[in-house]
Amino acid sequence: MFQNLPLLKPDALMLVSQRFRADPREHKLDLGVGVYRDADGNASILQTIKQAEAKLLEQQMSKAYLPADGDKDFVRLMRQMVLGNDAPALADHRVAAAQCPGGTGSLHQAMALLKKAGNAPVVWVGTPTWPNHIPMLQHHRFEIRTYDYFDLATQSLQFDRMMSALGEAKAGDVVLLHGVCHNPTGADLDQSQWAALTNLVEARSLVPLFDFAYQGFGQGSHEDATGVRMMAERLPEMLIAASCSKSFGLYRERTGILLVLCENSAQATATTGALQTLARVNFSNPPAHGAELVRIILSDAGLTEQWATELQQMRERVGEIRTALVAEAEEQSLDIGYVATQTGLFTTFALSEDQTSRLADEHAIHMPGTGRINMSGLSLADLPGFVTALKETGLD
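1 is the number of the first residue of the sequence shown in UniProt numbering; add one for each residue after it.
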């Protein structure tokens with residue numbers, strides 16, 4: 001039965017981690033997988049999470065299954081965090097929502113829902129994008145079209161070209177958007193660009209699908225929701241796949257949510273039923289632990305404030321590394337000022353696969369062949385050597 005399965009290449013990011021672990025050199029850098037690391041290089045558990053776990057251990061009375069659409073209080077609190085407490089769509093009961101296994105699970109359910117709706121729409125995807133987007137869409141057999149989002153050679157957002165391409169999209173087409181902290185470039189739309197894009201999406205009756213994995217890692221939880229909330233106030237339909245992996249540090253707990261804004265409450269009720277059915281055939285019910293921790297934190301004003309402070313500290317450390325990296329590069333006559341204008345964990349340098357291989361072989365600096373780096377993988381002490389390596393490898 002299995003003799004016809006082809007031998008596939010390993011995932012590029014997982015391969016970076018494998019090569020890093022196999023590297024015997026004492027001083028080496030892993031700038032691959034998108035996990036926040038502190039100044040000591042550790043992917044530590046947030047203190048707020050530890051406190052929530054202690055509460056959960058004390059209070060938890062059962063390990064029974066969750067409902068197919070997840071922890072009801074988690075869903076309610078996450079809807080408010082993503083859309084805002086006063087969101088008109090919430091007041092009008094137009095939002096269907098279901099807990100899902102992480103951001104990837106939320107995207108999967110969004111795509112499955114779009115297929116179940118029966119119209120098999122075209123999906124427009126910006127280039128570059130998160131490497132898993134295209135394979136997921138191909139798995140669900142969507143017709144994929146692309147729009148230019150960012151030019152790595154000039155390190156510039158291609159907003160005019162994006163708008164021109166989407167101006168050709170037809171009513172009902174889906175537009176995949178990064179809510180904040182664009183992966184892999186760190187280049188986000190500003191408020192005026194979000195407003196212009198919202199006008200276009202509304203005028204052409206397009207359906208946004210937001211990958212919203214980094215709320216709070218850009219400018220702050222409220223500011224980072226600008227694009228999502230702007231469209232939610234104007235559009236009859238949209239989908240938001242949100243993740244708690246980064247903002248709560250719950251990577252392995254697979255804690256996410258899919259929000260679906262519908263034209264009216266009756267459609268939202270029907271969509272909730274569809275999400276429950278899809279969950280049943282895909283994973284039956286979502287994992288409880290991470291959602292319970294988020295629920296405990298967001299239900300407690302003190303823990304919420306403490307969590308927001310920890311999130312701010314993570315955000316500020318990444319910003320500090322960006323600023324210091326640009327300053328160190330200037331000292332070494334390398335102009336990478338664009339790094340300081342970007343947000344979130346990632347920046348992608350205009351490096352070839354050969355150059356990234358040389359960085360690994362000659363300098364023990366491990367990153368994907370695309371040139372994307374995780375900023376939190378750097379410490380202040382790493383910066384002089386990192387910049388020197390970039391120069392020696394030929395980054396202009």
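Built from N, CA and C at the ideal position, the CB exists for glycine as well. Given the structure is predicted, the values throughout are model-derived calculations rather than measurements.
(Q) Three or more C-beta pairs under 8 Å: does that hold for the region 208 to 226 against the region 241 to 257? (A) yes
Q: Hey, could you find the ends of the beta strand (DSSP E) residue 210 is sitting in?
A: 207 to 212
Q: May I ask which residues mark the beginning and end of the beta strand (DSSP E) holding residue 148?
A: 143 to 148
Q. Does DSSP classify residue 45 as helix, strand or coil?
A. coil
**Q.** CB-CB length for residue 358 against residue 323, believed under 8 Å
**A.** Actually they are not in contact, since the Cβ atoms of residue 358 and residue 323 sit about 27 Å apart, beyond 8 Å.
(Q) Within the continuous alpha helix (DSSP H) that includes residue 104, where are the two ends? (A) 102 to 116
(Q) Would residue 309 and residue 181 be called neighbours here (beta carbons separated by less than 7 Å)? (A) no
Q) What is the DSSP secondary structure of residue 124, reduced to helix, strand or coil? A) strand
**Q.** Spatial distance of residue 304 from residue 362 (CA atoms)
**A.** 45 Å
Q. Considering residue 447, what are the terminal residues of the beta strand (DSSP E) in which it resides?
A. This structure leaves residue 447 out entirely; the chain is present only between 1 and 396.
Q.
Give me the residue from 291, 21, 321, 377 with the minimum Cα distance to residue 76.
A. 291
Q: Determine the closest residue to residue 348 out of 264, 379, 184, 298, with distance taken between C-alpha atoms.
A: 184
Q) From what residue to what residue does the beta strand (DSSP E) around residue 346 run? A) 346 to 348
Q: Pick helix, strand or coil for residue 62, following the three-state DSSP scheme.
A: coil
Q. Residue 93 and residue 232 look like a contact to me (Cβ under 8 Å); what is the Cβ gap, rounded to whole Å?
A. About 14 Å separates the two Cβ atoms, so there is no contact after all.
(Q) Is it buried or exposed, residue 125, if we count other Cβ atoms within 10 angstroms and call 16 or more buried? (A) buried
Q. Closest to residue 329 by CA distance: which of 380, 374, 300 is it?
A. 380
Q: Enumerate, from N- to C-terminal direction, the unbroken alpha helix (DSSP H) stretches of 4 or more residues contained entirely within the region 160 to 224.
A: 191 to 203, 221 to 224
Q: Since I believe residue 325 is in contact with residue 383 (beta carbons under 8 Å), could you give me their beta-carbon distance rounded to a whole number of angstroms?
A: 6 Å
Q.
To the nearest angstrom, how far is the alpha carbon of residue 38 from that of residue 317?
A. 8 Å
Q: Note down the Cα distance separating residue 256 from residue 351, rounded to an integer number of angstroms.
A: 33 Å
Q: Put residue 137 into one of helix, strand or coil per three-state DSSP.
A: helix
Q) If you drop the 5 nearest sequence neighbours on each side, which residues of the same chain put their C-beta closer than 6 Å to that of residue 186? A) 342, 343, 344, 346, 347
Q: Measure the alpha-carbon distance for residue 263 versus residue 51 and round it to whole angstroms.
A: 40 Å
**Q.** alpha helix (DSSP H) segment containing residue 297, residue limits
**A.** 289 to 298
Q.
Using a 10 Å radius around the Cβ and a threshold of 16 neighbouring Cβ atoms, would you call residue 139 buried or exposed?
A. exposed
**Q.** Terminal residues of the alpha helix (DSSP H) in which residue 79 lies
**A.** 72 to 83
Q.
In chain order, what are the residue ranges of uninterrupted alpha helix (DSSP H) at least 4 long that sit wholly in the region 334 to 391?
A. 353 to 363
**Q.** Closest residue to residue 89 among 129, 165, 229 (Cα-Cα distance)
**A.** 229
**Q.** For residue 168, the nearest candidate out of 337, 200, 98, 364 (CA to CA)
**A.** 200
Q. Given residue 71, which residues of its chain have a CB within under 7 Å of its CB, disregarding the five upstream and five downstream residues?
A. 99, 288, 291, 292, 295
Q) Buried or exposed: where does residue 45 fall if 16 or more other Cβ atoms within 10 Å of its Cβ makes it buried? A) exposed
Q.
DSSP three-state label for residue 261, please.
A. strand
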